[in-house]
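To keep things clear, I will list the structure first and then write my remarks on it.
Protein chains: 2
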Amino acid sequence: MKDILAVTKALADESRLRALMALSGGELCLCQIISVLELAPATVSKHMSLLYAAGLVERRKEGKWHYYRLPGREASPAARQALRWVTEHLEGSKVIAADVRKCCAARAADPEDLTGCYCGTT
Amino acid sequence: MKDILAVTKALADESRLRALMALSGGELCLCQIISVLELAPATVSKHMSLLYAAGLVERRKEGKWHYYRLPGREASPAARQALRWVTEHLEGSKVIAADVRKCCAARAADPEDLTGCYCGTT
DNA sequence: CTTATAATTCGTTAATTAGCGAATTGACGT
DNA sequence: ACGTCAATTCGCTAATTAACGAATTATAAG
Numbered sequence: 031m032k033d034i035l036a037v038t039k040a041l042a043d044e045s046r047l048r049a050l051m052a053l054s055g056g057e058l059c060l061c062q063i064i065s066v067l068e069l070a071p072a073t074v075s076k077h078m079s080l081l082y083a084a085g086l087v088e089r090r091k092e093g094k095w096h097y098y099r100l101p102g103r104e105a106s107p108a109a110r111q112a113l114r115w116v117t118e119h120l121e122g123s124k125v126i127a128a129d130v131r132k133c134c135a136a137r138a139a140d141p142e143d144l145t146g147c148y149c150g151t152t
Numbered sequence: 031m032k033d034i035l036a037v038t039k040a041l042a043d044e045s046r047l048r049a050l051m052a053l054s055g056g057e058l059c060l061c062q063i064i065s066v067l068e069l070a071p072a073t074v075s076k077h078m079s080l081l082y083a084a085g086l087v088e089r090r091k092e093g094k095w096h097y098y099r100l101p102g103r104e105a106s107p108a109a110r111q112a113l114r115w116v117t118e119h120l121e122g123s124k125v126i127a128a129d130v131r132k133c134c135a136a137r138a139a140d141p142e143d144l145t146g147c148y149c150g151t152t
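So the sequences go chain by chain: A and B. Using my numbering, the first residue of the first sequence is number 31, and each one after it goes up by one. Using my numbering, the first residue of the second sequence is number 31, and each one after it goes up by one.
Structure (structure tokens):
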């Protein structure tokens, strides 16, 4: 019960759903997620820790950057199914579409600044 | 986004998950859900209204009883998938098993008192 | 060694929400 | 009509949690 509840609680927040959808375009480091959500670093850090604790994202440290990504096979079946549910039913959302645009626009303006942002284009 | 968030928020509470799992055994009226959860009527009523608003349960009034059940085809795809996810990953839970036992024991002791409680046996 | 950048932890505030008792509504039986 | 039982609504309190700024840790660059 506890692990399932951790997943549902992690998904019960708009900012965290937006973060997950941003990651569906590929790996992002925390500062990029911050710029997408337009929230304070401390806030986003906590959101991502919560998603990590629920098994809904993986992390990777590279230098001073902490990269987050959606998990693959290493994720629990519950987490993988939940993520499939979220991405499937949130694709048409306006808020999400705006986030994706923001992410890609920033990358086009200064690719060096957003090396980790694939936005589905690689 | 709003409807998806309504579902995740509805699922992000242990009492509501227990209520849904109790309903996976069949239709129950509110007072039966109350006796399973051992919470105040007002509290359970609010929980069920929230689940209803999220499209995760259906209602039916019969006299002074209000029956709740898991939805069938009338539910949105998002709700149906979410319910499948919940029941699949919560079946082995200890808390849930205890709830089911309680529900069936009460029915055996006084069948007349729990006519709506099928507990999977009809 | 010092500075700058990325991220986290900590402490606080504001908002949300679970829970309850009391009062209310609705339906049944007497 | 009256009392009763099921359920809801209302008002309140306690607990949870989202959000932030400030302080801290960690890594890289000058």
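For every residue, glycine included, the Cβ atom is placed at its ideal position computed from N, Cα and C.
Checklist entry - Does the count of Cβ pairs from the region 33-44 of chain A and the region 58-68 of chain A closer than 8 Å reach three? => result No, they do not touch.
Next on the checklist: Any beta carbon of chain B sitting closer than 8 Å to that of Glu121/A?
Outcome noted: Chain B, which has no Cβ nearer than 8 Å to the Cβ of Glu121/A, makes this no.
Checklist entry - In terms of DSSP beta bridges, what is Tyr98/B paired with? => result Per DSSP, Leu58/B and Arg89/B.
Next on the checklist: Is the separation between the beta-carbon of Arg46/A and that of Ala40/A shorter than 8 Å?
Outcome noted: Their beta carbons are under 8 Å apart, which means Arg46/A touches Ala40/A by this criterion.
Next on the checklist: By alpha-carbon positions, which one of Gln111/B, Leu50/B and Thr38/B ends up nearest to Tyr97/B?
Outcome noted: Checked all of Gln111/B, Leu50/B and Thr38/B; the closest Cα to Tyr97/B is Leu50/B.
Item to check | Local conformation of Leu69/A per DSSP, three classes | outcome: The answer is coil: DSSP assigns Leu69/A none of H, G, I, E or B.
Item to check | chain B within 8 Å of Val87/A, Cβ atoms only | outcome: No - not a single Cβ of chain B is within 8 Å of the one on Val87/A.
Checklist entry - Of the choices Ala42/A, Val37/A, Ser54/A and Thr38/A, whose alpha-carbon is the least far from that of Gly102/A? => result Out of Ala42/A, Val37/A, Ser54/A and Thr38/A, Ser54/A has the C-alpha closest to the C-alpha of Gly102/A.
Checklist entry - Under the criterion of a Cβ to heavy atom distance below 7 Å, does Lys91/B qualify as lining the ligand SAH? => result No copy of the ligand SAH appears in this structure; indeed no ligand is present at all.
Checklist entry - Would a check of beta-carbon distances place Tyr148/B closer than 8 Å to chain A? => result Unreliable positioning characterises Tyr148/B in this predicted model, as indicated by a pLDDT of 34, which lies under 50. The coordinate reading is nonetheless provided below. Not one chain A Cβ lies under 8 Å of Tyr148/B.
Checklist entry - According to DSSP, is Glu121/B helix, strand or coil? => result Three-state DSSP puts Glu121/B in coil, outside helix and strand.
Checklist entry - Checking contacts by CB at 8 Å: is Ser65/B closer than that to chain A? => result False, the Cβ-Cβ gap to chain A never drops below 8 Å.
Next on the checklist: I'd like the span of the alpha helix (DSSP H) that includes Lys36/B, first residue to last.
Outcome noted: The question names Lys, yet the displayed sequence has Ala at residue 36/B. Unbroken alpha helix (DSSP H) run through Ala36/B: Lys32 to Leu41.
Checklist entry - Using a beta-carbon distance below 8 Å, is Met78/B in contact with chain A? => result It does not; no Cβ of chain A falls within 8 Å.
Checklist entry - Apart from the five residues on each side of it in sequence, which residues of its chain come closer than 7 Å, Cβ to Cβ, to Lys132/B? => result Hits under 7 Å: Val66.
Next on the checklist: Taking 6 Å as the limit between beta carbons, can you name the residues of its chain near Trp17/B, skipping five residues before and five after?
Outcome noted: Lying before the first or after the last residue shown, residue 17/B is absent from chain B, which here runs from 31 to 152.
Next on the checklist: Rounded to the nearest angstrom, what separates Glu88/A and Lys91/B at their Cα positions?
Outcome noted: Approximately 47 Å, taken between the alpha carbons.
Checklist entry - With 16 as the cutoff for other CB atoms within 10 Å, does Gly93/A come out buried or exposed? => result Exposed: under 16 other Cβ atoms inside 10 Å.
Checklist entry - Residues of chain B with a CB under 7 Å from the CB of Thr38/A: which are they? => result Result: Thr38, Leu41 and Ala42.
Checklist entry - Got a sec: is the Cβ-Cβ distance from Val125/A to anything in chain B below 8 Å? => result Closer than 8 Å: yes.
Checklist entry - Just checking my contact of Val37/A with Ala84/A at CB under 8 Å: how many whole Å lie between their CB atoms? => result At roughly 5 Å, the Cβ-Cβ gap stays under 8 Å, so Val37/A and Ala84/A are in contact.
Checklist entry - Along chain B, in chain order, which residues have C-beta atoms closer than 9 Å to that of Ala108/A? => result By Cβ distance, chain B contributes Trp115, Glu118 and His119.
Checklist entry - Got a sec? Which residues, its chain only, sit under 6 Å from Thr73/A by beta carbon, not counting five neighbours each side? => result Result list for Thr73/A: empty, nothing under 6 Å.
Item to check | Assumed close pair Leu100/B, Leu113/B - CB separation to whole angstroms, cut-off 8 Å | outcome: Contact between Leu100/B and Leu113/B holds, since their C-beta atoms are separated by about 6 Å, short of 8 Å.
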